[in-house]
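Written out below as structure tokens is the structure these notes cover.
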Amino acid sequence: GTPWDPGAPRMRAPARELFRDADFPASDSSLFSSFSTPLAQFREDITWRRPQEICATPRLFADNPQEGQVKQGLLGDCWLLVACAALQKSRHLLDQVFPPGQPSWRDHTYRGSFTCRVWQFGRWVEVTIDDRLPCLAGRLCFSRCQREDVFWLPLLEKVYAKVYGAYEHLWAGQVADALVDLTGGLAERWSLKDSARSSGQQDRPGGSERGVCQQLLSLKDRCPISCSVLSPRDGARELGEFHAFIVSDLRELQGRAGQSVLLLRIRNPWGRRCWQGPWRQGGEGWSLVDPADESELLSQLQEGEFWVEEEEFLREFDEVTVGFPITEAGHLQSLYSEKALCHTQELPGAWVKGQSAGGCRNNSGFPSNPKFWLRVSEPSEVFVAVLQRPRVRPAGRARAPVVDERAAWSPASFRREDYQAVGLHIWKVEKQRVSLPRVLSTPPVAGTVCHAYDREVHLRCDLAPGFYLAVPSTFLKDVSGQFLLRVFSSGRVSLSAIKPAAGSPAPGEALSAGEWETVQLRGSWRTGQTAGGSRNFASYPSNPCFPLSVPEGPGPRCIRVTLRQHCQDSQCHPIGFHIFQASSSSCSGRVPVDGGSQGTPNLLLQEPVVSCVPHCYAQEVSRLCHLSPGTYRVVPSTYLPDTEAAFAVTIATRIDRRSIHSQERLGQLLQEVGV
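Numbering (UniProt numbering), first residue to last: 1 to 675.
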């Protein structure tokens, strides 16, 4: 494109009034929370400008990836920016966060606002902002792209600041948290110095520091990878402290002596090369490899990038964060096996003081913690995660702006106010009707190494078919908090909460009293493929079809089927569903991972046993029914054919069994550590 000229005439703003966000105004209240960071010294100097007031021809996205590279400004939010850089590796993920088709500065429909989606505690939340951005001396003072006429990054940063309450709240955080917020997936944090600090997970990959680098080499084309320096070595402060970097490439070369040389290309979001190690331009490290390799690798360096060798990397950096790959169909892929984790479940839970906040396994009250049944239907690679809902941050007491607290101010104390140290353990059980205290006194089949002060901790397990008991816990007893239990599996699984025996209020009409087992299936209606419309149309059989199996038992089972479309309230399509009796051969296998149609033409001739009609303009429709044992088909549809949308079908089956009480003490006390 044309070189950007900061002195060129500015684009004239449209005459009509542009949107001003009253919920996140262009004022100090959006910048500061407690004036507790070095940002406070610029309080009197920051102004707010729209992109067309900053440069002549603002663009949302760059023509090539290099122009859109992230650069950090005055704000200490490198953790967020390196996660934002991951969006550039996947157009699908970028479109999910930044919905395409929004009017920008050259469009006649431009009104000064942009909308982004951020994943928050189990759902995508749309956040709208105006495009007034903080500036110093007429230039962006926080994040910006390599080409300063590209604005997707500072706009997304502003969205995130609005979610957090102020720009100052973005000062310090975890890369893993930002990756989850921008993808809805999972991320792992691997310590290069102490395996007990690695997100509470069971083991560090590869079993050693060098195993980590080999793992990164295998993941470089599939995953966003970052690295961080927490406390630099004595005499090596060029990399800063509490600073995150992007790992933009890894290369394994054969040295001149035949040895293997593993190099990592690191990008500093500060936008400058800060490392003068042996693999700098002209450094002595290049004498170990072929000159052609040296020339090629040095030519790849962009602004702010440098090469380091494996041993140097392990010495200078403290941890690595890796985001799980996500397919265009929205499925996570395992970091370890590359299997698609097509089957997902999630349920909310809470630790309530005096009721279900039993603390870790050191405490005799551990059996009172929330408990979940996980049923695995086939051999599966399973990831189970506990995501904490942050506690409401108390309003900070304003104080005089500081001159410079960068050296003394530590982000470590900033995070622990928000999250408890949490852990997760899983037990294999032969059947669901068991003595829970007896089970919990035996060693679990999987568990976090320690309770960690992370927003989310997770376990990876290879599980055989059967029933499992999952128990998330805080390290301390009687600490209240809310969480979301998430399951990602390569095979079919179902998840249900064990309800307290007595005295608990019903969470809602849908799942009133007793224990319910839920299965969530995702799909989409696609024009010309699976968007068949209602039964009024001959194309109805092309709609997605999902199996529903009611197990044998005394009499009909109570079942609630819920259909939810993924859209805003104002953009809902009329939706409904029918449930048909099925023969043993129809719609009885595994659900297609893309939610595709099973293609059964006789649906037009068959009468449904349950109907959720007429079709309603609503995000969610639901029907409670009683079905006899057998196999059924759930067919969701829009009213008109060729209406595209994504949806989820949730099937909740009531399980009638005697209440289980956990009253025994644990037979063994285990030493656990809180980080």
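Don't be surprised by glycine CBs; every beta carbon is placed ideally from N, CA and C.
Taking all protein chains shown into account, do 16 or more other C-beta atoms lie within 10 angstroms of the C-beta of residue i, making it buried, or fewer, making it exposed?
i: Glu509; result: Since pLDDT at Glu509 reaches only 37, below the 50 mark, its modelled position is unreliable, and no value is offered.
i: Lys353; result: exposed
i: Ala412; result: Any reading at Ala412 must be qualified, since the residue scores a pLDDT of 34, below 50, and its modelled position is unreliable; no value is offered.
i: Asn602; result: exposed
i: Ser248; result: buried
i: Gln388; result: buried
i: Pro544; result: buried
i: Gly304; result: buried
i: His626; result: exposed
i: Ser29; result: exposed
i: residue 717; result: This structure gives no information on residue 717, because the portion of the chain shown stretches from 1 to 675.
i: Gly255; result: exposed
i: Glu44; result: exposed
i: Gly76; result: buried
i: Ser228; result: buried
i: Pro38; result: buried
i: Trp124; result: exposed
i: Asp177; result: buried
Would a check of beta-carbon distances place residue i closer than 8 Å to chain D?
i: Val445; result: Absent from the structure: chain D. Only one protein chain is present.
Could you pull out every residue in the same chain whose Cβ sits closer than 8 Å to the Cβ of residue i, ignoring the five residues on either side in sequence?
i: Val429; result: Val439, Gly466, Phe467, Tyr468 and Leu469
i: Ser368; result: Gln355, Ser356, Ala357, Gly358 and Ser662
i: Gly576; result: Ser534, Leu563, Ser611, Cys612, Val613, Pro614, His615, Cys616, Val621, Pro636, Ser637 and Tyr639
i: Glu346; result: Gly122, Leu484, Leu485, Arg486, Val487, Leu495 and Gln520
i: Ala350; result: Ser356, Pro370, Ser480, Gly481, Gln482 and Phe483
i: Arg416; result: Note that Arg416 scores 41 on pLDDT, short of 50, meaning its location in the model is unreliable and no value can be drawn from it.
i: Trp279; result: Leu263, Gly285, Trp286, Phe306, Trp307, Val308, Glu309 and Glu312
i: Pro390; result: Asp418, Tyr419 and Arg455
i: Glu294; result: Trp286
i: Gln606; result: Phe580 and Gln581
Using CA atoms only, rank isn't needed, just tell me which of the options is closest to residue i.
i: Val422; options: Lys371, Asp462, Phe372 and Thr474; result: Thr474
i: Cys116; options: Ser228, Glu126, Lys89 and Ser377; result: Glu126
i: Asp181; options: Val247, Leu250 and Leu80; result: Leu80
i: Gln482; options: Cys545, Leu87 and Pro370; result: Pro370
i: residue 684; options: Phe61, Val118 and Trp171; result: Nothing about residue 684 can be reported from this structure: the residues present for the chain run from 1 to 675 only.
i: Gly532; options: Thr643, Thr448, Lys499 and Lys431; result: Thr643
i: Ala22; options: Phe537, Lys162, Leu87 and Cys227; result: Lys162
i: Asp130; options: Gly112, Cys450 and Phe306; result: Gly112
i: Thr109; options: Ala244, Phe151, Arg16 and Pro154; result: Arg16
i: Thr344; options: Ile225, Ser490 and Glu338; result: Ser490
i: Ala83; options: Gln174, Gly330 and Thr47; result: Gln174
i: Val561; options: Glu607, Tyr632, Gln568 and Ser542; result: Tyr632
i: Val70; options: Ile54, Ile246, Asp95 and Val159; result: Ile246
i: Glu328; options: Gly630, Phe61, Leu94 and Gln619; result: Leu94
i: His451; options: Leu424, Lys499 and Cys567; result: Leu424
i: Pro554; options: Gly630, Leu253, Leu18 and Gly282; result: Gly630
i: Gly258; options: Phe242, Leu230, Val289 and Gly282; result: Val289
i: Cys223; options: Ala244, Glu188 and Tyr540; result: Glu188
i: Arg375; options: Ala582, Lys431 and Leu335; result: Lys431
Please return the same chain residues whose Cβ sits closer than 7 Å to the Cβ of residue i, not counting the five positions on each side in sequence.
i: Leu192; result: Glu209, Val212, Leu314, Phe317, Asp318, Glu319 and Val320
i: Trp105; result: Met11, Pro51, Gln52 and Pro58
i: Gly365; result: Gly358, Gly359 and Lys477
i: Thr653; result: Trp516, Glu517, Arg557 and Ile559
i: Gln102; result: Phe114 and Thr115
i: Ala292; result: none
i: Glu378; result: Pro465, Gly491 and Arg492
i: Ser539; result: Gly532, Gly533 and Pro641
Using a Cβ-Cβ cutoff of less than 6 Å, which residues in the same chain neighbour residue i once the five nearest sequence positions on both sides are dropped?
i: Tyr617; result: Cys572 and Pro574
i: Ala645; result: Trp525, Gln565 and His573
i: Glu312; result: Gly277
i: Cys461; result: Val382 and Ala446
i: Gly185; result: Phe324, Ile326 and Leu332
i: Pro394; result: Here Pro394 scores only 40 on pLDDT, less than 50, and its place in the model is too uncertain to base an answer on.
i: Asn363; result: Lys477
i: Thr47; result: Cys135
i: His578; result: Pro608, Ser611 and Val635
Given the structure, does residue i come close to the ligand NAD, in the sense that its CB is under 7 Å from one of the ligand's heavy atoms?
i: Gly101; result: No copy of the ligand NAD appears in this structure; indeed no ligand is present at all.
Enumerated in chain order, which unbroken segments of the alpha helix (DSSP H) with a length of 4 residues or greater are wholly contained in the region 512–588? none
Fully enclosed by the region 159–187, which alpha helix (DSSP H) runs are 4 residues long or longer? 175–183
Do the region 527–544 and the region 373–387 make contact, defined as three or more Cβ pairs closer than 8 Å? no
Ranges of the alpha helix (DSSP H) found wholly within the region 316–397, counting only runs of at least 4: none
Curious, which full-length alpha helix (DSSP H) runs of at least 4 residues does the region 67–151 contain? 78–86 and 91–97
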